[in-house]
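Only one structure is covered here, and it is reproduced in the block below.
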Amino acid sequence: MKKMSESRILSMFMASILCIASFILPVSQFPMTAFAATRVKLSYPTNDLVRVPEPKTIKNETQVINGAKIRTRNSSNLNTGVSTGQCYRYLDETEKKLYRALMVASDHIIEYDVEDVEYTDPSLVPVALGENSVFSWNNDQFNNAYEAVRYDHPDLIQLTMCQMGNAVLTLYYTSSNTVEYNTYICLVSPSSYYTEQVCPDVWPDEDPKS
């Protein structure tokens, strides 16, 4: 007990000395040594954006046209009436076309249980019409367009909730022996819950619960 008391008194004395010294001496007088934990392995994400899956092709057909070739609108002028934002300005031309098509598609969502959609249906939004080849994009371009439209229009939750789809219509003109391609983008409702609860105003003329 006596040794323990002496040890406790000595500890209290040393603590008092250190406390007094900390008020008198500057911090620089106290030597400090830092040791790095060399064996700790840390991994940090390089980006916080999720890679968007490529749109799934839901329709790919060929139509044979015996009549004269139909003149189509220039692809660069499609869907130009939509609202754009700050991010839209930094996209390339392909990304801008996808951006505008996604904006239109957000107002014409295909219900989850629909098995087929006509090419004339407004839910199939044209990205390019009358092209000599199928309108194509790489994953980076689609991802850029998708993220841009989401940041510019955060209220459009259907862009996050819905599944992406695309369709291709091949037009073969027998009179001129030429081929043209129309490419479309669409949004597909993932479930009945989304149709009934999340975005019922997309179908204003219907009662989803009936």
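Counting in the numbering used here, the sequence shown runs from 52 upward without gaps.
Every residue, glycine too, gets a C-beta built ideally from N, C-alpha and C.
Cα-Cα separation between Tyr262 and Thr113, rounded to whole angstroms: A question about residue 262 goes unanswered here, because the residues of the chain that appear run from 52 up to 261.
Which of helix, strand or coil DSSP assigns to Val115: strand
Buried/exposed call for Val178, threshold 16 Cβ in 10 Å: By the neighbour-count definition (other C-beta atoms within 10 Å, threshold 16), Val178 is a buried residue.
Limits of the unbroken beta strand (DSSP E) element including Asn217: 214-224
Cβ pair Val108, Val219 closer than 8 Å: As written in the sequence, residue 108 is Thr, which differs from the Val given in the question. A contact, by the Cβ cut-off of 8 Å.
Beta-carbon gap between Val155 and Val133 smaller than 8 Å: Contact check for Val155 against Val133 passes: the beta carbons are separated by less than 8 Å.
Close beta carbons around Tyr278, own chain, < 8 Å, minus the five adjacent residues each side: No statement about residue 278 is possible, as the shown extent of the chain runs from 52 to 261 and does not include it.
Pairwise C-alpha distance: Val168 and His159: Those two C-alpha atoms are separated by around 12 Å.
beta-carbon Val200 near the ligand ATP non-hydrogen atom, thresh 7 Å: The model depicted lacks the ligand ATP and carries no ligand whatsoever.
Reduced DSSP secondary structure (H/G/I, E/B, other) of Val230: DSSP places Val230 in strand when its eight states are reduced to three.
Identity of the residues DSSP links to Val176 by a beta bridge: Ile236
Ile161 classed as buried or exposed, judged by whether at least 16 other C-beta atoms fall within 10 angstroms: buried
Whole-Å CB distance - Gln209 paired with Leu238, under 8 Å assumed: 6 Å
Whether Thr221 touches Tyr232 by CB criterion (8 Å): yes
Sequence-distant residues of the same chain with beta carbon closer than 6 Å to Ala152, five excluded per side: If we look at Ala152 and ignore the five residues flanking it on each side, its Cβ neighbours are Asn130, Val176, Val178, Ile236.
Ala119 to Glu182 span [Cα, whole Å]: 16 Å
Integer-rounded CB distance, given that Asn194 should sit under 8 Å from Val103: Their Cβ separation, rounded to whole angstroms, is 5 Å, which keeps Val103 and Asn194 in contact under 8 Å.
Glu198 - DSSP class collapsed to helix/strand/coil: helix
Assigned secondary structure, Lys107 (DSSP; H/G/I helix, E/B strand, else coil): Three-state result, Lys107: strand.
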